[in-house]
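These notes are about the structure you will find just below.
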Amino acid sequence: DMLSKKHRLRPYVRNFTKNNRFEDTELPPMPLDLLKYCLTVKMFSPDEKRLMDRLFEKRPIWVKPALFHFAKVINKEKMKYLLPTTGYFTTTGPFRRMWVRHGYNYQNDPSNYIYQVIEIRNQWFDDHNSSNPKIAKFNIEDYNPNTAEKQFYFSPNSFPLSIVANYQLCDIHLPEVKEMLKNASLSTTCSKHAGWLKKEFIEDIRNVMYGYLERAWQKYLAGNLPTCGNEHIKLYSNYMEEDNLDYTRQQIMRRLEEVIDEDKQTGDEYNECSSEIEVAKDEYENWSTNLDREELAKIIFSDNHIKTEVPNSNPCSDEEDDADLKMDTLEI
Numbered sequence: 220d221m222l223s224k225k226h227r228l229r230p231y232v233r234n235f236t237k238n239n240r241f242e243d244t245e246l247p248p249m250p251l252d253l254l255k256y257c258l259t260v261k262m263f264s265p266d267e268k269r270l271m272d273r274l275f276e277k278r279p280i281w282v283k284p285a286l287f288h289f290a291k292v293i294n295k296e297k298m299k300y301l302l303p304t305t306g307y308f309t310t311t312g313p314f315r316r317m318w319v320r321h322g323y324n325y326q327n328d329p330s331n332y333i334y335q336v337i338e339i340r341n342q343w344f345d346d347h348n349s350s351n352p353k354i355a356k357f358n359i360e361d362y363n364p365n366t367a368e369k370q371f372y373f374s375p376n377s378f379p380l381s382i383v384a385n386y387q388l389c390d391i392h393l394p395e396v397k398e399m400l401k402n403a404s405l406s407t408t409c410s411k412h413a414g415w416l417k418k419e420f421i422e423d424i425r426n427v428m429y430g431y432l433e434r435a436w437q438k439y440l441a442g443n444l445p446t447c448g449n450e451h452i453k454l455y456s457n458y459m460e461e462d463n464l465d466y467t468r469q470q471i472m473r474r475l476e477e478v479i480d481e482d483k484q485t486g487d488e489y490n491e492c493s494s495e496i497e498v499a500k501d502e503y504e505n506w507s508t509n510l511d512r513e514e515l516a517k518i519i520f521s522d523n524h525i526k527t528e529v530p531n532s533n534p535c536s537d538e539e540d541d542a543d544l545k546m547d548t549l550e551i
C-alpha cells in the first residue's frame, strides 16, 4: 500500500507543513527532499502533482475546501502530502488558514485582495444548534455535513453549517459584494488585520453577507430554502473544466438530453432507440455518481493502455471490452 503506516510515520515526513506568519520576512523554502521522497515511494502520482500545480497556477492562494472540490479525484490522504509539496500554510493575517503557492508573496501585489479571507459567525446556527439541548428548537436535517464542507463559496441561498465560516472574497457570489470589490479602494501596504483593504470596507461586506444569511435562515424556517444542487457547476463552469468532474458529468448528461430533444423536434414518436438513450442516461447518472475517488482517479489520470484495467464497467455499453467510459469519444 503506497500509503502504508510505515510511510506515514517516517520521522522526516510527520511535520512537513511549512507555516508562515504575517510578520515573517522570509518565505518558507520549498521542501524538495519531501517532494523527491513522495514521488519515489509513490505517495502520489506525477499526474496528481501536475493537477495541483495547475490549480495553484490558476489561483495562487486557496482555502482547503476549495482545493478539495477542484481536486476531488485525489483522496484526502494523498492531499496531506501534495499540499506541502505545492504550497505553504499561513497562520495569521488577512490570508490566515490558507495555502499559498511556494515562492509566492501575497504582500507584494495589491491585486491579491480578492483572495483575502473574511470570517463570518453563523449566529442563527449557533442559537439553534441541536447539539445544545438547552436551546435546541430546530433540527437541521436537510443538510449534509459533507456538502457543507465542500461549499467553499457564498451565494444568496448559502447557509454554512459551522458556527464560524471563512470565505475568500473572490468566492462570494453576491451582486452587492461584487460591485463593491470592483470599486474597492486599495491600500499601499498590506496590513495584518485588513490586508489591502480598509477595516470599514470589510465590515460592509460582512454586513451584506449577514443580511443574506438572515434571509436564508427565514427561508429555511418557512421550508422555502432551495438546495444548492448543481449551483457550483454554474458558478465555476469555466474554471478548470477539464478537471471538474461534476462539470464533465453535467456535459455528458446534456449531450444525452440533446439527442432525445432532437427526436422530439423531428416529430417522430419515441422509437426503440430513443428509449434506449433515456435508459442509458439514467444508468450513466447512477454509475458516475457512485464512483469512488480511486476509480475516478484511474479514469482521469490513466493512459489509453491502462483504461481497460478499470474495474468499474460502463453500464451504457453492452461490449465487454468497453470496460470504462471513454471520455474522448463523447466530443465534449
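Counting in the working numbering, the sequence shown runs from 220 upward without gaps. Note that beta-carbon positions come from the ideal geometry of N, C-alpha and C, so glycine has one too. Only a predicted model underlies this, so the values are computations on that prediction, with no experimental measurement involved.
| message | By the DSSP assignment, the alpha helix (DSSP H) with I337 in it spans what residues? | response | No alpha helix (DSSP H) holds I337; the beta strand (DSSP E) holding it covers V336 to R340.
| query | Which class does Q437 belong to by DSSP, given the choice of helix, strand or coil? | reply | Looking at Q437 - three-state DSSP - the assignment turns out to be helix.
| message | Which same chain residues end up closer than 7 angstroms to H392 when comparing Cβ atoms and leaving out the 5 residues on each side of it in sequence? | response | Once the five neighbours on either side are set aside, the close Cβ partners of H392 are Y372, F373, S374 and L454.
| Alpha-carbon to alpha-carbon, K401 and P248 | Whole-angstrom Cα-Cα distance: 34 angstroms.
| field | Whole-number beta carbon distance between A435 and W381, since they are thought to touch under 8 angstroms | value | This sequence places Ser at residue 381; Trp is not what is there. With a Cβ gap of about 15 angstroms, S381 and A435 do not count as contacting.
| request: Leaving aside the five residues before and after L301 along the sequence, list all residues of the same chain whose C-beta is less than 6 angstroms from its C-beta, in chain order. | output: Closer than 6 angstroms at Cβ, skipping near neighbours: F263 and M271.
| Apart from the five residues on each side of it in sequence, which residues of its chain come closer than 7 angstroms, Cβ to Cβ, to G312? | Excluding sequence positions up to five before and after G312, its CB lies within less than 7 angstroms of the CB of F241 and K411, all in the same chain and listed in chain order.
| query | Using the beta-carbon count (16 or more within 10 Å), is K268 buried or exposed? | reply | It is buried - the Cβ of K268 has at least 16 other Cβ atoms within 10 Å.
| Is L246 near G322, with beta carbons less than 8 angstroms apart? | With respect to G322, L246 sits close: the two C-beta atoms are nearer than 8 angstroms.
| said: Which of the three DSSP states is assigned to F287 in this structure? | reply: F287: helix per DSSP, three-state reduction.
| For S410, which residues does DSSP report across the bridge? | Note: S410 sits in a beta bridge opposite G414.
| task | Would you tell me roughly how many angstroms separate the C-alpha atoms of D308 and N324, rounded to the nearest one? | result | A quick correction: the sequence has Phe, not Asp, at residue 308. If I take the Cα positions, the gap works out to 12 angstroms.
| request: State the start and end residues of the unbroken beta strand (DSSP E) segment that holds R273. | output: R273 -> not in any beta strand (DSSP E); alpha helix (DSSP H) instead, spanning P265 to K277.
| said: To the nearest angstrom, how far is the alpha carbon of E476 from that of C389? | reply: Per the coordinates, the alpha-carbon of E476 lies some 33 angstroms from the alpha-carbon of C389.
| If you compare alpha carbons, which of R278, P265, N341 and H288 is closest to T304? | Considering only alpha carbons, the answer is P265.
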